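To convert, count from 1 in the sequence shown and add 453; that's our numbering.
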Amino acid sequence: MTTKAYGAYAADTPLEPIEIERRAPGADDVAIAILYCGVCHSDLHQVRSEWGGTIYPCVPGHEIVGRVTAVGASVSKVAVGDIVGVGCMVDSCRHCAACDEGLEQYCENGFVGTYNGPTPDAPGHTLGGYSQAIVVKDAFVLKVGHDARQLAAVAPLLCAGITTWSPLRHWNVGPGKKVGIVGIGGLGHMGVKLAHAMGAHVVAFTTSEGKRQDALALGADEVVVSKNPDEMAQHANTFDFILDTVAASHDLDAFTALLKRDGTLTLVGVPEHAHPSPDVSALIFKRRSIAGSLIGGIAETQEMLDFCAKHGIVAEIEMIRMAEIDTAYERMQRSDVKYRFVIDIATIAD
Ligand code: NAP
Ligand code: ZN
Ligand code: ZN
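#1: Of the choices His688, Tyr568, Gly745, whose alpha-carbon is the least far from that of Trp624?
#2: Report the option in Met757, Val531, Pro513, Ser527 whose CA atom is closest to the CA atom of Val521.
#3: Which word fits Tyr489, buried or exposed, when buried means at least 16 other C-beta atoms lie within 10 angstroms of its C-beta?
#4: What does the Cβ neighbour count give for Asn562, buried or exposed, with the cut at 16 atoms within 10 Å?
#5: To test your reading of the DSSP string, which unbroken alpha helix (DSSP H) runs of 4 or more residues are found completely within the stretch 528-572?
#6: Roughly how many angstroms separate the alpha carbons of Lys791 and Glu771, rounded to a whole number?
#7: How about Val721: is its Cβ closer than 7 Å to a heavy atom in ligand 1?
#8: Is it buried or exposed for Asn569, if we count other Cβ within 10 angstroms and need 16 for buried?
#9: Might you give, ordered along the chain, the residues of its own chain that have their beta carbon closer than 8 Å to the beta carbon of Ala802, omitting 5 neighbours on each side?
#10: Let me check you understand the geometry: is the CB of Ala700 closer than 7 Å to at least one non-hydrogen atom of ligand 1?
#11: Cβ of Cys549 within 7 Å of any heavy atom in ligand 1?
#12: By Cβ distance below 7 Å, which residues in the same chain neighbour Gln558 in space, the five residues on each side in sequence not counted?
#13: Starting from the N-terminal end, write out each residue whose C-beta falls within a distance shorter than 5 Å of any non-hydrogen atom of ligand 2.
#14: Counting C-beta neighbours from all protein chains within 10 Å, is the total for Lys680 16 or more, i.e. buried, or is it exposed?
#15: Who are the Cβ neighbours of Ala701 in its own chain at under 7 Å, not counting the five residues just before and after it?
#16: Which same chain residues end up closer than 6 Å to Leu671 when comparing Cβ atoms and leaving out the 5 residues on each side of it in sequence?
#17: For Lys763, count neighbouring C-beta atoms within 10 Å of its own C-beta (all shown protein chains included) and say buried if the count is 16 or more, exposed if not.
#18: Given the structure, does Gly566 come close to ligand 1, in the sense that its CB is under 7 Å from one of the ligand's heavy atoms?
#19: What are the complete beta strand (DSSP E) segments, minimum 3 residues, inside the stretch 755-793?
#20: Scan the stretch 665-727 and note each continuous beta strand (DSSP E) run of 3 residues or more that stays entirely inside, going in chain order.
#21: Could you check what DSSP says for Ser619 in three-state terms: helix, strand or coil?
#22: Using DSSP with H/G/I as helix, E/B as strand and the rest coil, what is Ala486?
#23: What separation, rounded to the nearest whole angstrom, lies between the Cα atoms of Gly627 and Cys552?
#24: Write down the C-beta distance between Leu720 and Asp697 rounded to the nearest angstrom, noting that I regard them as a contact closer than 8 Å.
#25: Pick helix, strand or coil for Leu595, following the three-state DSSP scheme.
#26: Given 7 Å as the limit, tell me if Leu640 has its C-beta closer than that to any heavy atom belonging to ligand 1.
#27: Give every residue of the same chain whose Cβ lies closer than 8 Å to the Cβ of Lys590, excluding the five residues on either side of it in the sequence, and list them in chain order.
#28: Kindly identify the DSSP beta-bridge partner or partners of Asp797.
#29: For ligand 1, I want to know if Pro682 counts as a neighbour, meaning its beta carbon is within less than 7 Å of at least one of the ligand's heavy atoms.
#30: Please report the residue range of the beta strand (DSSP E) in which Ser734 lies.
#31: I'd like to know if the stretch 729-741 and the stretch 753-761 are in contact, where contact means that at least 3 CB-CB pairs between them fall below 8 Å.
#32: Taking only three categories from DSSP, how would you classify Ser730?
#33: Looking at the structure shown, is Val521 part of a helix, part of a strand, or coil, going by DSSP?
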């Protein structure tokens with residue numbers, strides 16, 4: 454099926470309208486008409502090949518919400534007309550130790566990304582959600598239980614939501630824990646909302662003075678402008694856990710110094726340029742850890758979506774037309790996003 458999309462032909466050219474082919478649904482496939490797609494900083498990193506290895510044409514987008522238009526003969530999980538989500542993965546090997554544990558994001562044979570992943574479909578790599586339709590294996594389709602009026606704001610849960618949910622759960626964030634969220638962008642603002650809903654004492658760290666009030670409204674108990682050393686020093690040695698979502702290279706020591714003994718700083722941001730090497734004595738003398746975390750498995754993504762539907766949690770979004778994507782990228786690059794751009798996919802047809 455010929456489908457209208459937006460993509461780039463090279464790292465240094467803007468996104469433009471492009472026509473792509475979607476496969477006819479097989480027995481275990483779900484065909485989806487895309488309604489909304491969130492704009493993740495990873496889309497920008499990938500389309501500009503900031504991580505290297507981008508295959509062109511590149512159609513980004515992995516925060517997808519849409520309506521099922523067809524299902525294969527063996528699909529029972531969803532039916533035509535259902536509202537569903539697709540996140541960062543569209544397949545994995547399904548038989549390695551990680552897949553067996555429901556941790557498809559750590560698939561030992563490599564998961565298939567929603568874009569830039571290997572596929573037998575034309576043109577040989579996956580093409581993402583900046584498009585009118587997508588066909589996905591049913592095992593990688595998520596059910597959306599939110600109210601129909603919230604669907605645009607649900608889309609960012611498919612990456613920003615799960616990427617913060619998974620480490621918050623893994624490191625047992627909850628009542629009695631002091632938790633920091635660094636970088637109040639797409640991921641960070643969801644981190645604040647989720648950590649607050651889990652019952653933790655939440656401190657938001659931002660470089661943007663103008664986000665102070667917003668961070669409190671999102672659910673932070675305290676806000677620290679991380680450029681201010683005095684404000685930072687007041688929190689030394691007090692955190693159980695800090696989640697760092699910053700999309701650019703920065704000094705990690707400023708945050709490890711805020712951890713208690715045995716505390717953990719978990720990185721989810723994947724900047725183009727490496728962070729300066731951390732001070733090991735700050736780790737050694739308090740048995741502190743620096744860790745990383747990658748999105749989340751399909752089962753825990755469903756768990757997160759169900760939790761958010763139950764608690765009325767969605768992202769704070771600014772809806773854009775497809776043709777405005779380059780401006781959105783420029784603003785995201787300047788940290789000028791409150792707090793996730795979401796594309797109204799109907800505007801691709803314009
Ligand atoms: P985003 O919306 O652009 O937010 C990043 C935030 O980081 C900014 O809003 C800003 O917050 C802060 N920031 C930016 N530049 C900074 C700098 N130079 N110094 C300090 N703080 C800075 O990006 P996002 O979509 O949330 O993604 C964040 C990162 O996570 C990206 O690198 C993305 O590729 C990565 N990611 C990783 C995973 C994973 O599985 N690990 C999944 C999705 C995304 P303030 O204005 O509050 O300072
Ligand atoms: Zn993402
Ligand atoms: Zn696997």
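The C-beta atom is built at its ideal place from N, Cα and C for all residues, glycine as well.
Note that this is a predicted model, so its numbers are computed, not measured.
On the basis of the supplied data:
#1: Gly745
#2: Checked all of Met757, Val531, Pro513, Ser527; the closest Cα to Val521 is Val531.
#3: buried
#4: Exposed.
#5: Fully enclosed alpha helix (DSSP H) runs of 4 or longer: 550-553.
#6: Each residue's Cα considered, the two are about 7 Å apart.
#7: yes
#8: buried
#9: Lys457, Gln585
#10: yes
#11: no
#12: Met542, Phe564, Leu747, Ile748, Gly749, Gly750
#13: For ligand 2, the selected residues are Cys493, Ser495, Cys612.
#14: exposed
#15: Pro724
#16: His642, Val645, Lys646
#17: Around the beta-carbon of Lys763, fewer than 16 other beta-carbon atoms lie within 10 Å, marking it exposed.
#18: no
#19: 770-773
#20: List check, beta strand (DSSP E) in window: 675-678, 692-697, 712-720.
#21: Correct three-state label for Ser619: helix.
#22: strand
#23: 27 Å
#24: 5 Å
#25: strand
#26: yes
#27: Asp481, Asp482, Val483, Val543, Asp544
#28: Asp797 pairs with Tyr489.
#29: No, ligand 1 has no heavy atom inside 7 Å of this Cβ.
#30: Segment 733-737 is the alpha helix (DSSP H) holding Ser734; no beta strand (DSSP E) there.
#31: no
#32: coil
#33: Of the three classes helix, strand and coil, the one that applies to Val521 here is strand, per DSSP.
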